[in-house]
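Notes to accompany the following structure.
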Amino acid sequence: MQDVTAVEWQPASGLENGHLRFAVRHSPTKAPAKYDPNSVELWGFKKDTLMALVAAAVQARLPHPAAPVENPRELDAVQPVPASPPAEDDHDALLRRLRELGDLHRSGVLTDEEFTLAKQAVLRRM
Numbered sequence: 001m002q003d004v005t006a007v008e009w010q011p012a013s014g015l016e017n018g019h020l021r022f023a024v025r026h027s028p029t030k031a032p033a034k035y036d037p038n039s040v041e042l043w044g045f046k047k048d049t050l051m052a053l054v055a056a057a058v059q060a061r062l063p064h065p066a067a068p069v070e071n072p073r074e075l076d077a078v079q080p081v082p083a084s085p086p087a088e089d090d091h092d093a094l095l096r097r098l099r100e101l102g103d104l105h106r107s108g109v110l111t112d113e114e115f116t117l118a119k120q121a122v123l124r125r126m
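The opening position of the sequence shown corresponds to residue 1 in full-length UniProt numbering, with each subsequent residue numbered one higher.
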C-alpha cells in the first residue's frame, strides 16, 4: 500500500471492458490495462460496483496529494522517550487511550498497521 500513488477506475461501457489500475511508485507504465500487472481488467457489468468500492477504499487510504511527505522512521527518531516513570494519573490516561484506539480499530477507522503503530507509540510513552 505504501507504493501505491493513485487509483484509476474505468467502468465497462458498451462492448469495452473496464479496468481498475493502481499507479505504483517506481513502476510507471503506459501499457493497456490488460497487459499492466498493476491493474485488474473488468469483463461485464457485475464486477463494476465491487471494483468501484475497492477503488474508493484504496483511494481513501492514500495520503492527500497536497500533504507533506513524512518519513515514519524520522518521526520515531525525533520523539524523545520520557525518562521518569508515569504517575498514577498517567496510567489511567494510558489505559483510556489504549481503549480508544481499540474502539477505533474495531469500528474500522484504523487499519491493523495503523492500530499497531499507534499502540506502540502510546506504550513507548510508558
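Heads up, the beta-carbon is just placed ideally off N, CA and C, and yes, glycines get one too.
Report task. Figure out for me which residue from R25, P32, V4 and V24 has the closest Cα to the Cα of Q10. Result -> By one-based count along the sequence shown, residue 10 stands at place 10. Minimum Cα distance to Q10 is reached at P32.
**Report entry** R21 - partner residues in DSSP beta bridges
**Finding:** Walking along the sequence shown from the start, residue 21 turns up at place 21. DSSP, once it has assigned bridges, lists E8 and S39 as partnering R21.
**Report entry** Alpha-carbon spacing of L117 relative to R99, whole angstroms
**Finding:** As a first step, residue 117 is located in the sequence shown; it is residue number 117 there, counting from the start. As a first step, residue 99 is located in the sequence shown; it is residue number 99 there, counting from the start. In a straight line, the C-alpha of L117 is about 15 Å away from that of R99.
Report task. Check E114 in the structure and name its three-state DSSP category. Result -> Looking up residue 114 in the sequence shown gives position 114. Note: E114 maps to helix in three-state DSSP.
Query raised in the report: Buried or exposed: where does R96 fall if 16 or more other Cβ atoms within 10 Å of its Cβ makes it buried?
Result: Taking the first residue of the sequence shown as 1, we reach residue 96 at position 96. Classification of R96: exposed, given that the 10 Å Cβ count is below 16.
Report task. For A23, collect the residues of the same chain with a Cβ closer than 8 Å to its Cβ; drop the 5 residues on either side in sequence, then sort them by chain order. Result -> Walking along the sequence shown from the start, residue 23 turns up at place 23. The residues are V4, T5, A6, V7, E8 and N38.
Query raised in the report: Given that a residue counts as buried once 16 or more other Cβ atoms are within 10 Å of its Cβ, and exposed if not, what is G102?
Result: On the sequence shown, residue 102 is found 102 positions in, with the first residue counted as 1. Exposed, because fewer than 16 other Cβ atoms sit within 10 Å of the Cβ of G102.
Report task. Drop a sphere of 10 angstroms on the beta-carbon of G14, count the other beta-carbons inside from all chains shown, and report buried for 16 or more, exposed for fewer. Result -> Taking the first residue of the sequence shown as 1, we reach residue 14 at position 14. When all chains shown are included, G14 counts as exposed.
Query raised in the report: How many whole angstroms separate the CB atoms of L20 and V40, which I take to be in contact at a CB cut-off of 8 Å?
Result: Within the sequence shown, the letter at position 20 stands for residue 20. Within the sequence shown, the letter at position 40 stands for residue 40. Indeed, because the Cβ distance is near 5 Å, the residues count as touching under 8 Å.
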